[in-house]
DNA sequence: CGCTTAGTTGACTCTTCTCAAAAGCAGTGG
DNA sequence: CCACTGCTTTTGAGAAGAGTCAACTAAGCG
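Residue numbers (the numbering used here), protein chains in the order written: chain A, 609 to 861; chain B, 609 to 861.
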């Protein structure tokens, strides 16, 4: 069937928090009713929607965003495979923002009733899923600090550190290298800066030899240098980042 | 006993989401083990702490913050009476940020075990408390947009709209007027701008006659004008803002 | 090969920061 | 009652960061 493998990334992510039994995993896998595809640029969920399904991103990148009165848009979060788009609609009546596909995306649909049952009846899964939303919130806080208080190059450097760890946590990074399927305009909308300034900021990071870009692949040859430059502390990613803790220790020493 | 009335603001806030039975309310009230006082500037919870209690703010203002490598600090959220400081420690092992008293504060302490029992055994309260954290997350997203994409005066105007509604929702505002017990430095740390610029931004809002300040009391005589100026949409505050929805409708018409 | 989208560059403007100092406003002790 | 101290608010002026506009290049695609 077509829903096979939909949950591998999610399970992989959740197991950074706590071990799931085979039964737990099966419950997750079986909760997927069907999958859907979204082209780059299309909306997966729109502001004001009251979806009947919880959307689990299986493939591609998506973003939470709001449109601004002046016509611009602000991207508030990146969603990568394994991320749930809208567990919050289980409680909040209405989406207060939109979720758009940044690349072409494959999404697994879990009926709202199923997710509610799951969370009522399986303590472990309920805890794991809430853990996921709390981590999302921690990421949001860090982004707020980043956008509010870091200079442009460190801001972008910080983002790249984060996305390297997050892609790594779901098996999408290799050799300090990952696919970043975004335009510079989208990056600019994310970091709250203009396209031109984002372009020059990236050039700055390249000329400092902190990142290498090749098409939409980003490579960080010297992660330690980038971490230091961006003052990156992976604590806020909680258990997702344990592989990097040791590196941080070493750095301080 | 001294814990009387600790939960009035919290209950008032939660009832914007759903009606609580007398039994629910009693459970909440009885969950408070004791209260504590914190002087302005002191830490209620520090980064890295693993508190045994969930802290409920009863009186005063507090803020979530992180210290920056350059010595500055960034405030990521305001907490007012009725707000829970750290439901997240019920799941996350460790605080990834600190919570500091911005004015002198009174805090109710709820043992972690009690809150966990409550949430396991009382569906209504569990839903209501999670609703609270989801609203916190929505506020965080809006702040990210504000800091990233709005010009300074609109940024501060937006914040004042929000805090007027939030204080109103727990009975701390009267006649479009509320107490904002913060220094300009703290506001600057919140909005990601310098003290000097915050000072001039406030002067701008005053000269546009959008706000009136008297000591630490802020009055918004023409709320509709401020809402329009700051492009404020209370949707993200969810049910807390229903009193203001009608005004918005009127404005658009 | 022309069309469209994404990335790059230069020149100029405006916002915001920094440094530095003055002014207002408690509380404290003489 | 007044000088003194510490903290907050306010001003001024120059420097740096970031935005805008407009053009040009590069890359993918029918």
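Yeah, the Cβ is synthetic: ideal placement off N, Cα and C, and Gly gets one too.
Residue 771/B does not reach chain A, its nearest Cβ partner there being about 16 Å away, counting only Cβ pairs nearer than 7 Å. Assigned with DSSP and collapsed to three states, residue 663/A falls in strand.
For the pair residue 746/B and residue 621/B, the CB atoms are not nearer than the 8 Å cut-off. Counting along the chain, the unbroken beta strand (DSSP E) around residue 826/B starts and ends at 825 to 827.
Residue 782/B has 785/B as its beta-bridge partners, per DSSP.
Secondary structure of residue 837/B (DSSP, three-state): helix. For residue 735/A, the uninterrupted alpha helix (DSSP H) segment begins and ends at 731 to 757.
Within 10 angstroms of the beta-carbon of residue 832/B lie fewer than 16 other beta-carbons, which makes it exposed. Counting only the Cα atoms, residue 645/B lies some 11 Å from residue 717/B. With fewer than 16 other CB atoms across the displayed protein chains lying within 10 angstroms of its CB, residue 805/B is exposed.
Between the alpha carbons of residue 739/B and residue 695/B lies a gap of roughly 12 Å. Boundaries of the beta strand (DSSP E) around residue 653/B: 651 to 653.
Three or more beta-carbon pairs separated by less than 8 Å are not found between the segment 660 to 678 of chain A and the segment 693 to 713 of chain B, which leaves the two stretches without contact. The criterion of a C-beta distance shorter than 8 Å is satisfied by residue 727/A and residue 737/A.
The three-state reading of DSSP puts residue 830/B in coil, since its state is none of H, G, I, E or B.
In the displayed model, residue 774/B falls within a helix according to three-state DSSP.
Using a Cβ-Cβ cut-off of 8 Å, residue 659/B does not count as an interface residue toward chain A, since no Cβ of chain A sits closer than that to its own.
At a cut-off of 8 Å between C-beta atoms, residue 725/B does not count as an interface residue with respect to chain A. According to DSSP, residue 683/B shares a beta bridge with 673/B. The beta carbon of residue 775/B is closer than 7 Å to those of 688, 781 and 786 in its chain, skipping five residues each way along the sequence. Boundaries of the beta strand (DSSP E) around residue 715/A: 713 to 719. Within 8 Å of the CB of residue 745/B, the CB atoms of chain A belong to 696, 741, 744, 745 and 748, in sequence order along the chain. By the beta-carbon neighbour count (other beta carbons within 10 angstroms, threshold 16), residue 842/B is buried.
Look at residue 796/B here: in three-state DSSP terms it is helix.
DSSP places residue 631/B in the helix class (H, G or I) of the three-state scheme.
Burial check for residue 815/B: the Cβ neighbour count within 10 Å stays below 16, so the residue is exposed. The beta-carbon distance between residue 690/A and residue 618/A, rounded to whole angstroms, is 5 Å. This is short enough to meet the 8 Å contact definition. Ranked by Cα distance from residue 707/B, the first of 658/B, 642/B and 848/B is 658/B. Straight-line measurement puts the Cα of residue 674/B at about 10 Å from the Cα of residue 654/B. Rounded to the nearest whole angstrom, the CA to CA distance from residue 748/A to residue 767/A is 12 Å. Close partners of residue 735/A in chain B (Cβ separation under 8 Å): 699.
Distance from the Cα of residue 790/A is smallest, within the candidate group 680/A, 801/A, 648/A and 652/A, for 648/A. Beyond the five residues adjoining it in sequence on each side, residue 672/B comes within less than 6 Å, by CB distance, of 684, 685, 705 and 707 in the same chain, given in chain order. Taking a Cβ-Cβ cut-off of 7 Å, residue 806/A has no neighbours in chain B, whose nearest Cβ is about 13 Å from it. For residue 708/A, the three-state secondary structure derived from DSSP is strand. Burial check for residue 631/A: the Cβ neighbour count within 10 Å stays below 16, so the residue is exposed.
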